[in-house]
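Below is one structure, written out as structure tokens; comments come after it.
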């Protein structure tokens, strides 16, 4: 009798656990959306507060410096406007040529977004949370860049937030090309994550540089060579600057070369980034 | 009594919202990237120092928010917070002197356990394969320190709010902020 009760209790507990995990998996994305969007305004306020105080302080203390900066910015704006005219002409020419060749538009839209927080709520991955999400067209898989170069890719998105896995995370992989003097060497760039010390304090983890693997051994590569996305794999468009080679050595198999790469983006000070969103259907049809 | 319930709910709402915002906005600590477990600290305060119903409600609320903020799948943080409440309320609380220090000790013990539960869930889902064991060990150590501090700070803050809102009275307290226990 006791055995039957125990079996029934065990079965009931197993069914309850299965039901719980099934319900949690089904409701998880909705819960995530609600919680992250409820938390987003605090992030926006925290992001905007330092800038607001800095502007107020600059207004009080730095009138002359602000005027000089304004004049410099005006000059830059004029130059940018001139470039824009040239770009408009090139864009029109590009659209005409694409139409003539029967190609669909492939130029992604740049969606600016502010960085709300780093590491999400738990900090397991090297990631950032952005202030814009699905409402702005950002979806999982979208590449994210900053003015210096590639930042990472979107791994999850709610209506108004998006999580980006940074290039430097150990789980990140990018198809890349190293621009050597004699030509480009294709490879796979991995985030370094943290070192795995054999001994010593576990706290003393060092963030490792990025590593480009499977580079052809016959190509001459040197420190200082630029690394760009290769466009293979359909995740990142070709030609986005990623970093610069700091060292090159044969890998453990001696069949390929392995390069250490310093990224152009400064992941510690990211504030404003741009998500590359696929063109809208009407744009693509042009 | 009804007024006190609304007031307790209001304090809990402020506490959970603030803990969630600060936990997300604080940069990760050190190379092992531990976030200060303030939601766990808030749940520990309600489990260790308030009535059963408030403890259970806070555990579910904080667990759901922790679940939503982090990458861990399958409702594991929510389940962990519920089990942590049961453990604190039924097993730990009768054995220790009530006060902020007991909350800190419970936080220091539960924060690494939460990291382990998260890691196990990430491993099962396949996402945790990139996490080296040495990194996990570092996280456990740092999260124990951070958990103790977070539970201590969250306990003091929420006890202060509860006292100001007259949700707990001086006759129930050793002092105004519950430093010395009941």
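Protein chains in written order, with the numbering used here: chain A, 7 to 292; chain B, -9 to 172.
Glycine included, every Cβ here is placed at the ideal spot set by N, Cα and C.
In this text the structure is predicted, and so the values were computed from the model without any measurement.
Please name the residue, chosen from the options, that lies closest to residue i on a Cα-to-Cα basis.
i, options, result
"residue 61 of chain B", "A:127, A:105, A:103, A:81", "A:127"
"residue 43 of chain B", "B:58, B:79, B:141", "B:79"
"residue 103 of chain B", "B:122, B:86, B:138, B:45", "B:138"
"residue 42 of chain A", "B:54, B:46, B:0", "B:54"
"residue 226 of chain A", "A:187, A:234, A:243, A:244", "A:187"
"residue 132 of chain A", "B:113, B:121, B:116", "B:121"
"residue 213 of chain B", "B:99, B:-1, B:35, B:140", "Nothing can be reported for residue 213 of chain B, as the shown portion of chain B is limited to -9 through 172."
"residue 30 of chain B", "B:155, B:117, B:93", "B:93"
"residue 145 of chain B", "B:116, B:90, B:12, B:158", "B:90"
"residue 135 of chain A", "A:172, A:238, A:34, A:223", "A:172"
"residue 142 of chain A", "A:89, A:267, A:52, A:115", "A:115"
"residue 267 of chain A", "A:229, A:224, A:278", "A:229"
"residue 57 of chain A", "A:283, A:278, A:285, A:284", "A:278"
"residue 114 of chain B", "A:27, A:285, A:248, A:107", "A:27"
"residue 256 of chain A", "A:284, A:224, A:283", "A:224"
On the premise that residue j lies in contact with residue i, defined as a C-beta separation below 8 Å, what is that separation, rounded to the nearest angstrom?
i, j, result
"residue 221 of chain A", "residue 184 of chain A", "6 Å"
"residue 161 of chain A", "residue 169 of chain A", "5 Å"
"residue 190 of chain A", "residue 164 of chain A", "About 38 Å; that fails the 8 Å criterion."
"residue 82 of chain B", "residue 96 of chain B", "6 Å"
Taking the beta carbon of residue i as the centre, do at least 16 other beta carbons fall within 10 Å, making it buried, or is it exposed?
i, result
"residue 59 of chain A", "exposed"
"residue 281 of chain A", "buried"
"residue 25 of chain B", "buried"
"residue 3 of chain B", "exposed"
"residue -4 of chain B", "exposed"
"residue 144 of chain A", "buried"
"residue 151 of chain A", "buried"
"residue 33 of chain B", "buried"
"residue 87 of chain A", "exposed"
"residue 198 of chain B", "There is simply no residue 198 of chain B to check, as chain B begins at -9 and stops at 172 in what is shown."
"residue 75 of chain A", "exposed"
"residue 105 of chain B", "buried"
"residue 101 of chain B", "buried"
"residue 196 of chain A", "buried"
"residue 259 of chain A", "exposed"
"residue 80 of chain A", "exposed"
"residue 176 of chain B", "Given a span of -9 to 172 for chain B in the structure shown, any question on residue 176 of chain B remains unanswerable."
"residue 92 of chain A", "exposed"
"residue 142 of chain B", "buried"
"residue 25 of chain A", "exposed"
"residue 157 of chain B", "buried"
"residue 70 of chain B", "buried"
"residue 236 of chain A", "buried"
"residue 159 of chain A", "buried"
"residue 261 of chain A", "exposed"
"residue 6 of chain B", "buried"
"residue 152 of chain B", "buried"
"residue 246 of chain A", "buried"
"residue 167 of chain A", "buried"
"residue 270 of chain A", "buried"
"residue 67 of chain A", "exposed"
"residue 159 of chain B", "exposed"
"residue 18 of chain B", "buried"
"residue 11 of chain A", "exposed"
"residue 37 of chain B", "buried"
Taking the alpha-carbon positions, what's the residue i to residue j distance?
i, j, result
"residue 254 of chain A", "residue 263 of chain A", "7 Å"
"residue 192 of chain A", "residue 252 of chain A", "17 Å"
"residue 15 of chain A", "residue 73 of chain B", "18 Å"
"residue 31 of chain A", "residue 274 of chain A", "33 Å"
"residue 231 of chain A", "residue 194 of chain A", "16 Å"
"residue 244 of chain A", "residue 179 of chain A", "15 Å"
"residue 135 of chain B", "residue 108 of chain B", "18 Å"
"residue 174 of chain A", "residue 126 of chain B", "18 Å"
"residue 23 of chain B", "residue 89 of chain A", "42 Å"
"residue 37 of chain A", "residue 56 of chain B", "10 Å"
"residue 234 of chain A", "residue 250 of chain A", "9 Å"
"residue 49 of chain B", "residue 64 of chain A", "45 Å"
"residue 2 of chain A", "residue 112 of chain B", "It is not possible to answer for residue 2 of chain A, since the shown part of chain A is limited to 7 through 292."
"residue 9 of chain A", "residue 241 of chain A", "56 Å"
"residue 85 of chain B", "residue 131 of chain B", "25 Å"
"residue 102 of chain A", "residue 33 of chain A", "48 Å"
"residue -6 of chain B", "residue 153 of chain A", "54 Å"
"residue 147 of chain A", "residue 23 of chain A", "32 Å"
For the ligand ADP, I want to know if residue i counts as a neighbour, meaning its beta carbon is within less than 8 Å of at least one of the ligand's heavy atoms.
i, result
"residue 78 of chain B", "As for the ligand ADP, it is missing from this structure, which has no ligand bound."
| Looking at chain A, which residues of the stretch 39 to 70 of chain B have a Cβ within less than 9 Å of any of its Cβ atoms? | 54, 55, 56, 57, 58, 59, 60, 61, 62, 63, 64, 65, 66, 67, 68, 69
| said: Under 7 Å, CB to CB, which of the residues in the stretch 20 to 45 of chain A have a partner in chain C? | reply: Protein chains A and B are contained in the structure displayed, whereas chain C is not.
| What are the residues of the stretch 108 to 130 of chain A that lie near chain B, defined by any Cβ-Cβ distance shorter than 7 Å? | 123, 124, 125, 126, 127, 128, 129, 130
| said: Any C-beta of chain B within less than 8 Å: which residues of the stretch 232 to 246 of chain A qualify? | reply: none
| Mind listing which residues of the stretch 81 to 95 of chain B have their C-beta closer than 8 Å to chain A's C-betas, in chain order? | none
| request: Using a Cβ-Cβ cut-off of less than 7 Å, give me the residues of the stretch -6 to 15 of chain B that come near chain A, in sequence order. | output: 10, 11, 13, 14, 15
| message | Which residues of the stretch 46 to 72 of chain A have a Cβ closer than 8 Å to any Cβ of chain B? Give them in chain order. | response | 48, 49, 52
| field | Interface residues of the stretch 132 to 160 of chain B facing chain A [CB-CB below 9 Å] | value | 132
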